[in-house]
Amino acid sequence: GQNIDQPTEMTATEGAIVQINCTYQTSGFNGLFWYQQHAGEAPTFLSYNVLDGLEEKGRFSSFLSRSKGYSYLLLKELQMKDSASYLCAVSYSGAGSYQLTFGKGTKLSVIP
Amino acid sequence: NAGVTQTPKFRILKIGQSMTLQCTQDMNHNYMYWYRQDPGMGLKLIYYSVGAGITDKGEVPNGYNVSRSTTEDFPLRLELAAPSQTSVYFCASSYSGAWDSPLHFGNGTRLTVT
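Chains as they are written, first to last, in our numbering: chain W, 722 to 833; chain V, 186 to 299.
1) Counting C-beta neighbours from all protein chains within 10 Å, is the total for Ala277/V 16 or more, i.e. buried, or is it exposed?
2) Just to make sure I have the definition right: I need the residues of chain V whose C-beta is within less than 7 Å of the C-beta of Pro764/W. Which are they?
3) Tell me which same chain residues have a C-beta within less than 7 Å of the C-beta of Val152/V, skipping the five on either side of it?
4) With distances taken from CA atoms, which of Gly790/W, Cys809/W and Pro833/W is nearest Tyr745/W?
5) Checking the sheet assignment: what are the DSSP bridge partners for Gly752/W?
6) To which residues of the same chain is Ser792/W closer than 7 Å at the C-beta, ignoring the five residues directly before and after it?
7) Counting along the chain, where does the beta strand (DSSP E) carrying Asp241/V start and finish?
8) Are at least three pairs of beta-carbons, each pair with one atom in the segment 819 to 827 of chain W and one in the segment 222 to 234 of chain V, less than 8 Å apart?
9) Per DSSP, Glu730/W forms a beta bridge with which residues?
10) Rounding to the nearest angstrom, what Cα-Cα distance links Glu735/W and Pro833/W in this structure?
11) Counting along the chain, where does the beta strand (DSSP E) carrying Ser768/W start and finish?
12) Throw me the rounded Cβ distance for the Tyr274/V and Gly293/V pair, which I believe falls under 8 Å.
13) Are the C-beta of Asn770/W and some C-beta of chain V separated by less than 9 Å?
14) For the segment 725 to 740 of chain W against the segment 758 to 767 of chain W, are there 3 or more C-beta pairs whose distance is under 8 Å?
15) In the DSSP assignment, what are the bridge partners of Phe259/V?
16) From Met217/V, Met212/V and Arg221/V, pick the residue whose C-alpha is nearest to that of Leu263/V; which is it?
17) Look up Gln270/V in the DSSP assignment and say whether it is helix, strand or coil.
18) Under the three-state reduction of DSSP, which class applies to Met801/W: helix, strand or coil?
19) By the 10 Å Cβ neighbour count, where 16 or more other Cβ atoms means buried, how is Asp223/V classified, buried or exposed?
20) Could you list the residues in the segment 225 to 240 of chain V with a C-beta less than 7 Å from some C-beta on chain W, going in chain order?
21) Can you confirm whether Lys778/W, when its beta carbon is compared against all beta carbons of chain V, has any partner nearer than 9 Å?
22) In or out: Thr862/W buried (at least 16 other Cβ within 10 Å) or exposed?
23) Just to confirm my understanding: we take Ile738/W, look at its own chain, exclude 5 residues before and 5 after, and list those with CB closer than 6 Å. What are they?
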């Protein structure tokens, strides 16, 4: 099977920068998604990385290193509304089709 | 646009009862999915569909059934509910396969089986 590791919980201060890491071991890697999920709500799409490097989208950036099996989500100028779980999901080809596996998520708490 | 709509939002079932979770989307997406989310666990795929009339099992299909008679609707049927099916269920859709296309999720159904 696929193995995806993310820290379970993180705490950061309003206005600061936080980096949420995701490591994976998989064969047939295709790409990596990040989703945000506020408590009691549905996940929403943040980013998708296929190639190595950093992709920036406003206050959020996502980085991928395919050779290291590593990604991170960088959140700048943290706001209280960024308190949420952040889900890493890896897409890969296996058993003749493409699959998507989610990590367990990182619960981020932003404190004043 | 409403996006993906799920009903009901909450439900309590007794062991052995059956129910159908409804899901409809208005984005004309061919791909639709049912996931369950348990505390401390990643989202697990139950069933998915790549178009009307086509469904396939995901990672955890036991105890569930689906149908896809139209592009818009993808109901999930629970037969003989068990406590292990207590979970939050999310329906999702995507323009193309979830492996390279963002998923659009419904707001979830919180199901308790007692």
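We put the CB at the ideal spot given by N, CA and C, even for glycine.
Judging by the given coordinates:
1) buried
2) Phe290
3) The question about residue 152/V has no answer, for chain V in this structure spans 186 to 299.
4) Gly790/W
5) Ser812/W
6) Cys743, Leu753, Asn770, Ser783, Phe784, Leu785 and Cys809
7) Ile239 to Lys242
8) yes
9) Lys828/W
10) 5 Å
11) Thr765 to Asn770
12) 7 Å
13) no
14) no
15) Beta-bridge pairing links Phe259/V to no other residue.
16) Arg221/V
17) helix
18) helix
19) exposed
20) Gly225, Met226, Gly227 and Leu228
21) no
22) Because chain W is modelled from 722 through 833, residue 862/W falls outside the range shown and cannot be assessed.
23) Lys797
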